[in-house]
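A quick write-up on the structure given underneath.
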Amino acid sequence: MSLKPGPASQSAGLARYSLAAAVYVQRLPVVSADWSPTEQRFRDMMAQMELEKSLLSDHELRLIEDAERLKRKQADDYDSDEEDVQMDQDIVLAQDLEDSWEHKFRNMQFTPRVRDDVDQDLSSVQRCLMDFLVLVSEHAVGDQKLWLLPQREWQEGETLRQTAERALASLPVGLEATFLGNAPCGVYKYKLPKPLRTDSSIGTKVFFFKAVLSEPSASSHSALLWLKKSELQSYLKPSYMMKAPKNLCAPAPVFALRLHSRATVASVACLRLQRQSGAKQQQQLLACGGGVCRSYL
1470 MSLKPGPASQ
1480 SAGLARYSLA
1490 AAVYVQRLPV
1500 VSADWSPTEQ
1510 RFRDMMAQME
1520 LEKSLLSDHE
1530 LRLIEDAERL
1540 KRKQADDYDS
1550 DEEDVQMDQD
1560 IVLAQDLEDS
1570 WEHKFRNMQF
1580 TPRVRDDVDQ
1590 DLSSVQRCLM
1600 DFLVLVSEHA
1610 VGDQKLWLLP
1620 QREWQEGETL
1630 RQTAERALAS
1640 LPVGLEATFL
1650 GNAPCGVYKY
1660 KLPKPLRTDS
1670 SIGTKVFFFK
1680 AVLSEPSASS
1690 HSALLWLKKS
1700 ELQSYLKPSY
1710 MMKAPKNLCA
1720 PAPVFALRLH
1730 SRATVASVAC
1740 LRLQRQSGAK
1750 QQQQLLACGG
1760 GVCRSYL
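Numbered by our numbering, the letters in the sequence shown go through residues 1470 to 1766 in order.
Structure follows, in structure tokens:
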């Protein structure tokens, strides 16, 4: 269901404000983020536990067997010609494998995660591959030029989402994005300078629609910037950022969403059980359901 302005909105006093739709385009991270010190220590601990508790691989078992056979060969009572031939073949084969693996590792070229020349180019969508980026474009508002989310004026017969799609399509660089629903995620109202006001419009109400970049463009344009959350404050007005979609560039982590979902389900179950069977069963459920419940009741 798409939102479409109608007569009811105009009768409520909105006719003096022009309507517009803006698209809030996010470029998701391309590579994983760097480990924090705590995450690195936990990763090292898990790797050490895996090393200590895991079974030996076939190659490791083969090396141990070769070493034992070599030890038996050096003994004074060793007299098996058949085992001697098999040992020589296995040792050469195992050593060849290790040499080839070492050669491949030394010749491997890793792609750099941080590229100073690209990361400093604010108009490049390929910058800061570990971060969420937001697209902003330059707009002329009166006699000023402001950085805003891409937006266009609403036209008769359009839904607001169609206006947002038109705003994305009108950019000088071709971009493809997936819109996340038909409902706006925020609204921003501003008044025009007095010389630019008319009897029919004294300002504009901008409705924001979220979208995720699906096909990055290889080209860039000086009127378009891809900014990190920490960089938005230098380009967007504080009042605009307050009314823009909340948590710009900072979607909830999957772990947090799962934790919140589990906590909600567990807390609802506790409340139902309390109504049915009293506090004793509730304490039992709290003990079995995990500490997630305790922080949400």
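Backbone N, C-alpha and C define an ideal beta-carbon position, used for all residues, glycine too. Owing to the predicted nature of the structure, the values given are computational and were not obtained by experimental measurement.
Original post:
Which residue from M1711, R1541, S1708 and L1696 puts its Cα closest to that of R1596?
Top reply: Reading the sequence shown from its first residue, position 127 is the one you call residue 1596. Between R1596 and the set M1711, R1541, S1708 and L1696, the nearest pair of CA atoms involves L1696.
**OP:** Kindly indicate which residue of V1642, S1708 and F1676 has the alpha-carbon position closest to the one of L1488.
**Re:** Taking the sequence shown and counting its residues from 1, one reaches residue 1488 at position 19. The residue with the shortest Cα to Cα distance from L1488 is F1676.
Subject >> Host alpha helix (DSSP H) of F1511 (start-end) >> reply: Reading the sequence shown from its first residue, position 42 is the one you call residue 1511. Here the alpha helix (DSSP H) through F1511 covers P1506 to K1522.
Original post:
Whose C-beta lies closer than 8 Å to the C-beta of S1592 among residues of the same chain, with five residues either side of it excluded?
Top reply: If you number the sequence shown from 1, residue 1592 lands on position 123. The answer, listed in chain order, is S1689, H1690, S1691, L1693, L1694 and W1695.
Original post:
Which residues bound the alpha helix (DSSP H) around Q1595?
Top reply: The sequence position of residue 1595 within the sequence shown is 126, counting from 1. Counting along the chain, Q1595 falls outside any alpha helix (DSSP H), and DSSP gives it neither H nor E.
Original post:
So is T1580 buried or exposed if we call it buried at 16+ other beta carbons inside 10 Å?
Top reply: Position 111 of the sequence shown holds residue 1580. Counting the other CB atoms within 10 Å of its CB gives T1580 a total below 16, which places it among the exposed residues.
Subject >> Complete runs of the beta strand (DSSP E) confined to the stretch 1655-1698 [at least 3 residues] >> reply: Runs of the beta strand (DSSP E) inside the stretch 1655-1698: 1655-1660, 1672-1684 and 1693-1696.
**OP:** Express the C-alpha separation of G1626 and V1500 in angstroms, rounding to a whole number.
**Re:** Taking the sequence shown and counting its residues from 1, one reaches residue 1500 at position 31. Taking the sequence shown and counting its residues from 1, one reaches residue 1626 at position 157. Spanning the two alpha carbons is a distance of roughly 42 Å.
Subject >> Candidates Q1495, K1712 and P1714, of which the one nearest D1600 by Cα >> reply: Along the sequence shown, read from residue 1 onward, the residue named residue 1600 stands at position 131. For the residues Q1495, K1712 and P1714, the minimum Cα distance to D1600 belongs to Q1495.
Original post:
Anyone know if the C-beta pair for A1491 and L1618 falls short of 8 Å?
Top reply: On the sequence shown, residue 1491 is found 22 positions in, with the first residue counted as 1. On the sequence shown, residue 1618 is found 149 positions in, with the first residue counted as 1. Yes, they are a contact pair.
Original post:
How far does the alpha helix (DSSP H) with K1712 in it reach, from first residue to last?
Top reply: Looking up residue 1712 in the sequence shown gives position 243. Where K1712 is concerned, the enclosing alpha helix (DSSP H) stretches over P1707 to K1712.
Subject >> F1574 in three-state terms, based on DSSP >> reply: Numbered from 1 along the sequence shown, position 105 holds the residue referred to as residue 1574. If DSSP states are grouped into helix, strand and coil, F1574 belongs with the helices.
Original post:
So is Q1620 buried or exposed if we call it buried at 16+ other beta carbons inside 10 Å?
Top reply: Within the sequence shown, residue 1620 is the residue found at index 151, counting from 1. Result: buried.
Original post:
Expressed to the nearest angstrom, what Euclidean distance is found between the alpha-carbon atoms of S1708 and K1698?
Top reply: For this step, residue 1708 is matched to residue 239 along the sequence shown. For this step, residue 1698 is matched to residue 229 along the sequence shown. About 16 Å.
Original post:
Given that a residue counts as buried once 16 or more other Cβ atoms are within 10 Å of its Cβ, and exposed if not, what is T1507?
Top reply: Here residue 1507 corresponds to residue number 38 of the sequence shown, with the count starting at 1. Exposed, because fewer than 16 other Cβ atoms sit within 10 Å of the Cβ of T1507.
Subject >> First through last residue of the alpha helix (DSSP H) which encompasses A1633 >> reply: Locating residue 1633 in the sequence shown gives position 164, where the first residue counts as 1. Run containing A1633: L1629 to A1638, per the alpha helix (DSSP H) assignment.
Subject >> Under 8 Å between C-beta atoms of A1680 and Y1493 >> reply: Locating residue 1680 in the sequence shown gives position 211, counting from the first residue. Locating residue 1493 in the sequence shown gives position 24, counting from the first residue. At the C-beta level, A1680 and Y1493 come within 8 Å of one another.
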